[in-house]
Amino acid sequence: MGTSSHLERRVRAEERPRRGFEYVEGWGMTAGAESRVWKPRSADEVSEVFRRVGAAGGHLALRGAGRSYGDASVNAGGDVLDISSMNQVLDFDEETGVANCESGVTIRDLWRHSLPRGYWPKVVSGTMFPTLAGAAGMNIHGKNNYKVGTIGDAILEMDMVLPNGDGVTVSRESQPDLFHAAIGGFGMLGAITRVKIATKKIHSGEIAVAGVSVANLAEMMAYVDSHTHDADYLVGWMDCFGKGDALGRGLIHHARYLEPGEDPEAERTMTLAHQSLPGSIMGFPKGEVWRILKLLSHDPGMRLLNFTKHQMGKLEQRKGWYYQSHAAFNFLLDFVPNWKFAYGRKPGRGLIQYQVFLPKESALAGFTEVIERQQRLGHTSYLGVLKRHRPDPFLLTHAMDGWSIAMDFAVTPKNKESLWSATNELTRVVLDHGGRFYFAKDAVIGPRTVESMFDEDKLSAFRAMKEKLDPSELLQTNLWRRAFGNSGTFTSAP
Amino acid sequence: MTGTPDPTPGKAKRALVVGASSGMGAAIVRQLVSEGYAVAAVARRQELLDELAGAAASTGGKGGRVLPIVHDVNRIDEVPGLFEKVIEGLGGLDFYVYAAGVMPDVEPEEYDTEKDLLMVDVNLSGFIAWTNPVARYFHSQRSGTIVGIGSIAGDRGRKGAPVYGATKAAMETLLESLRNRLAERTVRVVTVKPGMIETPMTEHLDKLMMPVSAERAAKDILKVSRGKFWNTRHIPLRWLPVSLVIRSIPSFLFRKTSI
């Protein structure tokens, strides 16, 4: 066998931009499609991907970490651009706490960079894995939305690659229209490749937390409203199985940052080691906990789990204020890795998250009806999370002076049809109460819902901008075709 | 429009065999085709692939077919494009075997870097380059079977085959990592450890211990990869006790032997 001829032809490098082929699905596992997945390493490579896909007459979805629950980064029949390889924190100003990041930097990367320097991201989601590009595209919020706004409010400047391949820098000062439309524009206007974002000075690696058990939704909302001025974070967990006077019973977590000097061991608590999430939960290695949850993943099991959690909430209230690391407080969803597998790993199984936003005037009545009705329809959410929100200046924002409840519904091959028809009913209720939905979570809404939840002039401004920047609709997703298409329905077909 | 993965992966019959033109690879392709699989057969030599494809077309039967793909596993740059071609041509993928491997004769006093690195390239680098996209794909669809061909040669550092043994040991470690990574995704990763199989690769050896034919080995490999019992399996099984003995010989004695 002649060896040297083989060695001469040896090629060790992959082509650039790198690409692969895989089944791309939303976090909730209910939407997915096989796609060519591009993994550019630079803005130039992003632009090269746009050029190649455009030249081939294809279309492209922008994807960060794939943490949106529905079909926001799924593109049946087209390609996907995965930004996660662009993951360097470019610089961090220790005087001001401003981080300049490639957009594939995740919230995890960001806090791990900022915390040892004395800063914490102003806005984080309940999981630390989304990228900044995805977070900006969806304009995500945290448990402090009522106080500090959405992540868009913390972003100072972004670089984008437009569908025609040109690079552009946008901020509130230069190109404010595009800045305010791209944040919350769910990746339809261009790829965000760099994000300059402000973080908050902190004086401890811990945060003071109190659990407040409440008997029903009205009590929960009253408590939250009376503490928006003195709490840095407020979030309510809710047992959606509760009925009548116990409807919306649950546990509020009320948290505040520590003042300078309040934590005598600040130097120690502000280390990464102090922020690690527990490795096991009640003795089980956390990577396997979803298998236990899976055993309870049906209505009677979840009724029991929610009931037990509510009772434990009452005990938690008794212990008064306690301290928790920032990571442990904020990233509850990451305590149980792959918890979504509790809903099943086989095709056709998964979950949808249905997060309903209502203005403060109609929130209590609207939420009550949504919860009562889902119980009646036999689709009770296994989890309910209540948050308070405030309006923001972004074009297609979901936030409003009001409230939201996020709910998780199990999807199985058997219940899918009936679940989708239930969400259709619930969606009508939400719209009747002046509500909105959120693209990072949504899996069901149709064009008529989009038309009725946004102001007409804002929606047409967004459409006009899409038309101008992307006339051939290079950037598309299943979400775009579902919610901005021509089906004329309030919700999609299952 | 939202495609979900094939709802009956157990029944899906789409396979990729890299190193398909001779020896165990070719035997596995023939076997899969006879069971009705669509098989993407990747190899360097066009004429041998054509032969396989021709034989598949003439025996037909259960709808089995061969999608021939000419490729040298040294060309890592070609892999992403070819992998797409495989998925497109087969309409998906359920079963993957990396059977490419070389074992050039190494003289007792030979220390030849080029020859050694060729083994690294074919046995290991090519394996990594092909297995990564396959693993990524199976991970994402949450099903599939990966079969890697290790060797009893990977168990000990033999005088006769230093780098060959090292590449096989590396492969086996890599396969174990993949198995542990992908278990949660219900992807099966199987390491088979053939003893001495009558293939073109072993033709130059003076004598084979307990030899079996490539056909017999292929049959065993497929059987093992479909069962749930073995993660790592000697082919044929009688090599297991032999291997246990060989592994327990202390080094200072082992170097006196010629096994």
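Protein chains in written order, with this note's numbering: chain A, 1 to 494; chain B, 1001 to 1259. Note that CB positions come from ideal geometry on N, CA and C, so glycine has one too. Only a predicted model underlies this, so the values are computations on that prediction, with no experimental measurement involved.
Contacts of residue i in chain A (Cβ-Cβ under 9 Å)
| i | result |
| --- | --- |
| PRO1133 of chain B | GLY20, PHE21, GLU22 |
| THR1186 of chain B | ARG345, LYS346 |
| PHE1083 of chain B | GLY20, PHE21 |
| TYR1137 of chain B | GLY20, PHE21, GLU22, TYR23, GLU34 |
Neighbour list for residue i in chain B, Cβ cutoff strictly below 9 Å
| i | result |
| --- | --- |
| VAL11 of chain A | ASN1074, ARG1075, ILE1076, ASP1077, GLU1078 |
For residue i, the first and last residue of its enclosing beta strand (DSSP E)
| i | result |
| --- | --- |
| HIS203 of chain A | Per DSSP, HIS203 of chain A belongs to no beta strand (DSSP E) and is neither H nor E. |
| GLU157 of chain A | 155-161 |
| LYS387 of chain A | 384-389 |
| SER404 of chain A | 402-411 |
| HIS379 of chain A | Unbroken run through HIS379 of chain A: none, as it is neither H nor E. |
| VAL1029 of chain B | Element bounds for VAL1029 of chain B: not the beta strand (DSSP E) but the alpha helix (DSSP H), 1023-1034. |
| HIS274 of chain A | Per DSSP, HIS274 of chain A belongs to no beta strand (DSSP E) and is neither H nor E. |
| ALA61 of chain A | 60-63 |
Residues bridged to residue i (per DSSP)
| i | result |
| --- | --- |
| ASN100 of chain A | A:ASP91, A:LYS196 |
| GLU22 of chain A | A:SER35 |
| THR228 of chain A | The partner list for THR228 of chain A (beta bridge, DSSP) is empty, contrary to what the question assumes. |
| LEU351 of chain A | A:ALA410 |
| ALA210 of chain A | A:HIS254 |
| PRO264 of chain A | Bridge partners of PRO264 of chain A: none, in fact. |
| PRO359 of chain A | A:GLY402 |
Length of the line joining the Cα atoms of residue i and residue j
| i | j | result |
| --- | --- | --- |
| THR203 of chain A | LYS196 of chain A | Checking the displayed sequence, the identity of residue 203 of chain A turns out to be His instead of Thr. The alpha-carbon atoms of HIS203 of chain A and LYS196 of chain A are separated by roughly 23 Å. |
| ARG1185 of chain B | GLY1064 of chain B | 28 Å |
| VAL170 of chain A | ASN139 of chain A | 15 Å |
| PRO1007 of chain B | PRO347 of chain A | Per-residue confidence for PRO1007 of chain B stands at a pLDDT of 41, beneath the threshold of 50, marking its modelled position as unreliable; no derived number is given. |
| GLY190 of chain A | SER47 of chain A | 10 Å |
| LYS243 of chain A | LYS360 of chain A | 22 Å |
| HIS1204 of chain B | ALA1218 of chain B | 21 Å |
| GLY66 of chain A | LEU383 of chain A | 21 Å |
| MET1171 of chain B | ASP159 of chain A | 43 Å |
| GLY184 of chain A | TRP1230 of chain B | 50 Å |
| GLU157 of chain A | ASP91 of chain A | 14 Å |
| THR30 of chain A | ASP1116 of chain B | 48 Å |
| LEU396 of chain A | PHE462 of chain A | 8 Å |
| PRO471 of chain A | VAL89 of chain A | 33 Å |
| GLY1010 of chain B | PHE1095 of chain B | Low confidence applies to GLY1010 of chain B: its pLDDT is 41, below 50, so where it sits in the model is not reliable, and the reading given next is rough at best. Approximately 10 Å between the Cα atoms of the pair. |
| LEU479 of chain A | HIS59 of chain A | 14 Å |
| GLN503 of chain A | ARG482 of chain A | Residue 503 of chain A lies beyond the residue range present for chain A, which begins at 1 and ends at 494; the question has no answer from this structure. |
| GLY134 of chain A | GLY187 of chain A | 8 Å |
| PRO260 of chain A | VAL105 of chain A | 29 Å |
| ASN306 of chain A | LEU296 of chain A | 11 Å |
| GLU45 of chain A | LEU277 of chain A | 36 Å |
| GLN1046 of chain B | GLU467 of chain A | 49 Å |
| PRO17 of chain A | SER1177 of chain B | 27 Å |
| PRO300 of chain A | PHE241 of chain A | 10 Å |
| GLU34 of chain A | GLY1092 of chain B | 9 Å |
| SER492 of chain A | LYS294 of chain A | 28 Å |
| GLY488 of chain A | SER421 of chain A | 16 Å |
| ARG1233 of chain B | TRP1239 of chain B | 9 Å |
| GLU316 of chain A | THR193 of chain A | 43 Å |
| ALA266 of chain A | ASN216 of chain A | 37 Å |
Nearest residue (CA-CA) to residue i, options the options
| i | options | result |
| --- | --- | --- |
| SER114 of chain A | A:GLN275, A:GLY402, A:MET400, A:HIS310 | A:GLN275 |
| LYS1228 of chain B | B:ARG1188, B:ALA1169, B:ALA1099 | B:ARG1188 |
| LYS1207 of chain B | B:GLY1023, B:TYR1164, B:SER1258, B:LEU1237 | B:SER1258 |
| VAL148 of chain A | A:HIS229, A:MET188, A:GLU94, A:ARG349 | A:HIS229 |
| GLY1036 of chain B | B:GLY1025, B:PHE1127, B:ALA1057, B:SER1143 | B:ALA1057 |
| LEU386 of chain A | A:GLU34, A:LYS143, A:VAL11 | A:LYS143 |
| LEU1174 of chain B | B:ILE1149, B:ALA1153, B:GLY1023 | B:ILE1149 |
| ARG1014 of chain B | B:ARG1156, B:ALA1026, B:VAL1086, B:ALA1166 | B:VAL1086 |
| LEU1182 of chain B | B:VAL1033, B:GLU1107, B:TYR1137 | B:TYR1137 |
| SER1125 of chain B | B:ARG1075, B:SER1021, B:ALA1026, B:ALA1012 | B:ARG1075 |
| ASP263 of chain A | A:SER325, A:PHE484, A:ALA422, A:VAL98 | A:SER325 |
| ILE151 of chain A | A:THR427, A:GLY126, A:GLU173 | A:GLY126 |
Chain-ordered neighbours of residue i on chain A, where CB pairs are closer than 8 Å
| i | result |
| --- | --- |
| ILE1087 of chain B | PHE21, GLU34 |
Partners in chain B for residue i, counting only beta-carbon separations shorter than 8 Å
| i | result |
| --- | --- |
| ASN338 of chain A | GLU1184 |
Residue range of the alpha helix (DSSP H) that includes residue i
| i | result |
| --- | --- |
| VAL1102 of chain B | Taken as a continuous stretch (DSSP letters only), VAL1102 of chain B belongs to no alpha helix (DSSP H), as it is neither H nor E. |
| GLY167 of chain A | Note, GLY167 of chain A: premise wrong, no alpha helix (DSSP H); beta strand (DSSP E) at 167-171. |
| PRO1050 of chain B | This sequence places Asp at residue 1050 of chain B; Pro is not what is there. Start and end: 1046-1059. |
Per-residue contacts from residue i into chain B (C-beta, under 7 Å)
| i | result |
| --- | --- |
| GLU15 of chain A | ASP1077, PRO1080 |
Within chain A, the residues that residue i reaches when beta carbons sit closer than 7 Å
| i | result |
| --- | --- |
| ARG1142 of chain B | ARG345 |
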